[in-house]
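Going down the list, the sequences are from chains A and B. To convert, note that position 291 of the first sequence is 352 in the numbering used here; the numbers rise steadily by one, no gaps. To convert, note that position 37 of the second sequence is 98 in the numbering used here; the numbers rise steadily by one, no gaps. Every residue, glycine too, gets a C-beta built ideally from N, C-alpha and C. None of the values given here were measured: they were computed from a predicted structure. Report on the structure given below.
2 protein chains.
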Amino acid sequence: MDGVTHTRTTRLERGRGALGPALELVHTGRAPTRAVLTSELGVTRATAGAVAAELEALGLITVDAHPTAAAGTQGRPSHRLFIADQGPVVLAVQIHADGYRVALVGLGGRIVATTSGCGTIPADPARILSEAVRAGSGLLRDSGRQCLGAGLAVPSAVAEPDGEALNPLHLAWPAGAPVRALFLQALADAKVPGVTEHVGFSGNDVNLTALAEHRHGAGRGARDLLCVASGHRGVGGALVLDGRLHSGSSGLALEVGHLTVNPEGAPCHCGSRGCLDVEADPLAFLSAAGRTPGPEGSLLKQATDLLREEYADASVRAAGELLIDRLGLGIAGLVNILNPDRIILGGLHRALLEADPERLRAVVADRSLWGRSGGVPILPCTLDHNALVGAAELAWQPVLDDPLVVLEGERTG
Amino acid sequence: MDGVTHTRTTRLERGRGALGPALELVHTGRAPTRAVLTSELGVTRATAGAVAAELEALGLITVDAHPTAAAGTQGRPSHRLFIADQGPVVLAVQIHADGYRVALVGLGGRIVATTSGCGTIPADPARILSEAVRAGSGLLRDSGRQCLGAGLAVPSAVAEPDGEALNPLHLAWPAGAPVRALFLQALADAKVPGVTEHVGFSGNDVNLTALAEHRHGAGRGARDLLCVASGHRGVGGALVLDGRLHSGSSGLALEVGHLTVNPEGAPCHCGSRGCLDVEADPLAFLSAAGRTPGPEGSLLKQATDLLREEYADASVRAAGELLIDRLGLGIAGLVNILNPDRIILGGLHRALLEADPERLRAVVADRSLWGRSGGVPILPCTLDHNALVGAAELAWQPVLDDPLVVLEGERTG
DNA sequence: GTGTTTTGTTCACATCGGATACAAAGTCAG
DNA sequence: CTGACTTTGTATCCGATGTGAACAAAACAC
């Protein structure tokens with residue numbers, strides 16, 4: 062009741078095995094109380110209590126002192142479990158077409174602090190990464206929080222196991238830039254407190270969007286989640302299976318941009334024609350609507366603004382419907398291959414879904430085999446800065462897998 | 062040394078947690094000795110010894126009395142672990158275009174006994190299933206083995222969670238036939254000893270081929286395994302991820318037959334044109350080679366015979382290359398989406414691969430993004446009766462997950 | 001108030017696997 | 001052939017972890 066006394070370390074270690082799963086439940090908002098924790102973990106109340114006490118002792122969660130009685134329920138009210146107010150954070154970095162954004166992200170995907178900058182030297186990945194990491198390091202110093210890791214999101218396929226950005230199309234980076242190594246180097250140079258050499262992770266931004274939405278957004282509760290999004294140029298996809306990102310044997314899974322959705326379509330750099338990449342991205346939409354891309358605002362912003370503000374216009378509507386049909390064809394192909402529980406859409410595709418939800422769902426259902434798997438729910442992304450939160454998820458993963466190893470390592474190191 | 066005395070049941074239960082993983086290692090041939098078991102499980106020699114003793118006491122494995130010294134190694138020779146000679150089996154049933162085949166399958170994918178029959182009434186799934194199960198029941202009686210479950214393979218997509226055959230194209234069955242329920246009913250009617258109501262599983266034959274090859278064939282050791290095969294009509298796909306079949310949220314994943322591989326191709330019943338289903342199956346090959354399907358022998362047999370015996374013929378060779386190119390395009394599309402470790406091909410596609418391995422690999426590499434994931438190994442299936450062995454794998458799975466629960470249940474039930 | 005229901009804690013206990021020491025069975029060097 | 005070395009297998013102790021039962025606490029129902 063009055064806090065663990067810490068006289069015996071043996072006592073502290075109680076429930077170590079269930080610690081990770083328990084933290085993950087709190088992290089994803091599926092364990093509001095110890096009672097729920099008990100049933101979700103499938104353990105006894107004694108164990109759940111010990112686990113919660115342990116997580117509290119580690120400074121990761123807090124248990125409210127005065128339980129609030131839920132209306133209409135009998136029995137003793139549950140104490141609620143919260144993510145600790147001043148708990149540790151991870152550093153998340155996102156590189157995009159216009160620069161970078163960094164954030165400190167706590168458990169539960171909570172953005173504690175964030176800042177951004179424009180990429181003055183977009184052709185030099187090392188420089189922008191080091192600039193971003195320095196900004197993050199500053200945030201960290203100001204916040205006074207403990208840092209347990211770092212994650213990076215880039216708008217490119219990232220090849221495993223070395224973490225090279227294979228197609229940083231709209232960054233003017235050299236193809237094959239070793240972003241993971243550069244990120245680790247930047248972390249080491251900035252001497253970010255708490256970030257040791259083995260806690261830097263990186264991934265494709267759509268992958269990380271999917272991960273974030275799965276844990277904290279529209280994908281919560283789905284077992285197999287497919288995410289499709291278009292940000293600037295091209296189309297990206299991602300798949301979460303059983304709570305884990307599926308990035309394939311060399312990190313190159315879900316490169317969905319080259320599904321054929323229009324056999325008579327425009328030629329694509331891949332050698333084929335009518336690929337999703339060139340038929341369903343912001344530029345394709347602007348062209349279809351008869352607009353010329355302007356100099357200000359990203360292609361995504363111009364396209365989504367047009368969709369949201371001028372959908373009554375016949376040419377805009379026709380362009381929207383054309384893109385919905387093509388996107389639907391691509392998604393139906395993916396549904397036939399992957400048969401996911403749920404699909405979430407980001408970027409331009411989210412705007413297309415919101416402009417005419419029924420049309421997209423109808424196209425997907427129509428082109429899916431036997432209609433059954435075509436009934437899959439299609440939802441828009443819900444989180445702000447989801448790629449950033451996803452990058453943080455990568456960094457949190459070791460803690461969720463085994464909180465003690467990471468935190469004890471911090472303590473002793 | 063001289064067998065467990067069973068005086069204390071507590072002794073018997075030693076190492077229960079590691080029992081399933083250990084059995085799986087022996088089952089898949091990855092644990093020839095206790096020493097290997099120790100390292101593969103990541104436990105101490107003491108635990109591995111206890112686990113092996115427990116598996117032996119359960120009658121699942123045997124340990125040889127006199128260890129054979131491996132040449133050129135120092136130290137005490139290891140006793141080898143074998144799958145028990147007279148251990149339990151599962152009943153596997155496969156329905157195909159020409160009838161059925163049943164087998165008793167032991168651990169390690171070993172076919173202990175098998176028989177087959179032709180489907181006299183192909184339009185009536187209940188009747189052929191009951192005939193097959195009766196044949197299996199006879200095999201079981203003759204063998205005197207204990208039976209721990211049953212599995213069924215059908216040449217159709219099987220929808221979860223109810224197990225309906227959605228497209229039994231070449232069986233003349235009604236679409237949507239509840240094959241799982243019918244199979245369970247047939248098992249109950251035949252009163253197959255040891256097969257209780259909850260141990261009947263069913264799945265698509267290509268899925269089960271992939272599972273069998275992953276465990277015991279060309280897919281061994283792969284983490285993410287893609288299988289593509291064409292038997293009679295159409296093309297099927299399957300995916301094994303982390304040792305588990307990925308069949309999607311409603312069992313309809315990997316319906317790869319409707320990937321577009323020839324935009325100007327023949328119309329498909331799905332409404333599109335140039336689908337893999339109609340461009341790369343045995344009928345497509347025979348047509349491309351200018352042959353008319355004859356009345357005797359399945360389409361698959363006619364096609365593979367032609368490929369193997371007359372590949373020197375210019376028209377056959379041209380047809381083969383045409384199909385390889387289309388198949389390669391389809392596989393490249395899948396590689397871009399799934400990025401598997403390894404690909405295995407069955408049926409006609411296996412024959413195509415064997416006719417000209419380099420051409421297929423070159424096409425896949427050429428059409429895969431960045432070449433990297435195009436370097437994925439492509440291999441032919443290696444097992445006999447692989448769908449049957451895969452059906453058995455489904456039935457073995459509960460035993461591999463927890464041998465004690467299944468075997469204790471048998472004992473007490 | 002007195003029961004009932006649900007939540008949380010304490011404590012004894014069983015289970016599981018690790019660590020260590022020891023025993024066994026071979027190779028290798030002389 | 002003998003002894004040193006290497007590797008495998010076993011016995012035993014012990015710590016880590018979670019269960020079960022009993023008890024206590026905090027609400028509602030009457």
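Taking the beta strand (DSSP E) that residue i falls in, what are its first and last residues?
i               : result
D285 of chain A : D285 to S291
G212 of chain A : C208 to V215
N265 of chain A : G261 to N265
A174 of chain B : I172 to C179
V253 of chain A : No beta strand (DSSP E) holds V253 of chain A; DSSP gives it neither H nor E.
P222 of chain B : P222 of chain B -> no beta strand (DSSP E), and no H or E assigned at all.
T123 of chain A : I122 to V124
For residue i and residue j, I'd like the C-alpha separation in whole angstroms.
i               : j               : result
A214 of chain B : L245 of chain B : 13 Å
V396 of chain A : A345 of chain B : 26 Å
P235 of chain A : L449 of chain A : 23 Å
R162 of chain B : Q155 of chain B : 5 Å
E419 of chain B : G394 of chain B : 18 Å
G81 of chain B  : G255 of chain A : 39 Å
A251 of chain A : R195 of chain A : 6 Å
E357 of chain A : H410 of chain A : 21 Å
G169 of chain B : D146 of chain A : 53 Å
D374 of chain A : D338 of chain A : 25 Å
L84 of chain A  : P93 of chain A  : 11 Å
A130 of chain B : A96 of chain B  : 13 Å
C329 of chain B : G407 of chain A : 32 Å
Q363 of chain B : G355 of chain B : 8 Å
H88 of chain A  : V467 of chain A : 16 Å
R433 of chain A : G205 of chain A : 52 Å
I405 of chain B : S291 of chain B : 12 Å
R486 of chain A : L360 of chain A : In the structure as shown, chain A starts at 62 and stops at 474, and residue 486 of chain A therefore has no counterpart that could be examined.
R428 of chain B : L269 of chain A : 26 Å
L384 of chain A : L413 of chain A : 8 Å
V240 of chain B : G224 of chain B : 6 Å
G197 of chain A : T443 of chain A : 25 Å
G335 of chain A : D366 of chain A : 25 Å
G332 of chain A : A341 of chain B : 22 Å
C179 of chain B : D159 of chain B : 6 Å
To which residues does DSSP link residue i through a beta bridge?
i               : result
I156 of chain A : A:Y161
G326 of chain A : None, per the DSSP bridge assignment.
R334 of chain B : B:P328
R305 of chain A : A:L302
A238 of chain A : A:A226
T321 of chain B : B:C336
Taking only heavy atoms of the ligand GDP into account, decide whether any of them is closer than 7 Å to the Cβ of residue i.
i               : result
R411 of chain A : Of ligands this structure carries none, so the ligand GDP is not represented either.
CB-CB under 8 Å to residue i, same chain, minus the five flanking residues each way: which ones, in chain order?
i               : result
K143 of chain B : The identity of residue 143 of chain B in the sequence shown is Phe, whereas the question assumes Lys. Answer for F143 of chain B: I122, T123, V124 and D125, listed in chain order.
V317 of chain B : V289, V296, G297, G298, L337, G391 and L395
A283 of chain B : H275, V301, P401, D402 and R403
M62 of chain A  : A caution first: M62 of chain A carries a pLDDT of 34, below 50, which makes its placement in the model unreliable, though a value can still be read off. For M62 of chain A, where only same-chain residues beyond five positions count, there are no Cβ hits under 8 Å.
Tell me where the alpha helix (DSSP H) around residue i begins and ends.
i               : result
L99 of chain A  : The displayed chain sequence assigns Thr, not Leu, to residue 99 of chain A. Counting along the chain, the alpha helix (DSSP H) containing T99 of chain A begins and ends at R95 to L102.
T365 of chain B : L360 to E370
A453 of chain A : N447 to D462
P186 of chain A : P186 to S204
G295 of chain B : It is not in any alpha helix (DSSP H) - G295 of chain B carries neither H nor E in the DSSP assignment.
P356 of chain B : Note, P356 of chain B: premise wrong, no alpha helix (DSSP H); not H, not E.
L116 of chain A : R106 to A118
Residues in the same chain with beta-carbon distance under 6 Å from residue i, minus the five sequence neighbours each way, listed in chain order, please.
i               : result
P229 of chain A : S217
E371 of chain A : V377
L421 of chain A : I385, G389 and L414
Within the same chain, show all residues whose beta-carbon is closer than 7 Å to that of residue i, passing over the 5 residues directly before and after it, in chain order.
i               : result
T71 of chain A  : Its pLDDT being 39, under 50, T71 of chain A is placed unreliably by the model, and nothing is read from it.
E117 of chain B : T123 and V124
G148 of chain B : G120, L121, G167 and L168
D386 of chain A : V424
H157 of chain B : P216
**Item:** Inside the stretch 127 to 157 of chain B only - alpha helix (DSSP H) runs reaching at least 4 residues
**Value:** none
#### Entry: Those runs of the beta strand (DSSP E) which lie wholly inside the stretch 380 to 421 of chain B and span at least 3 residues
403 to 407
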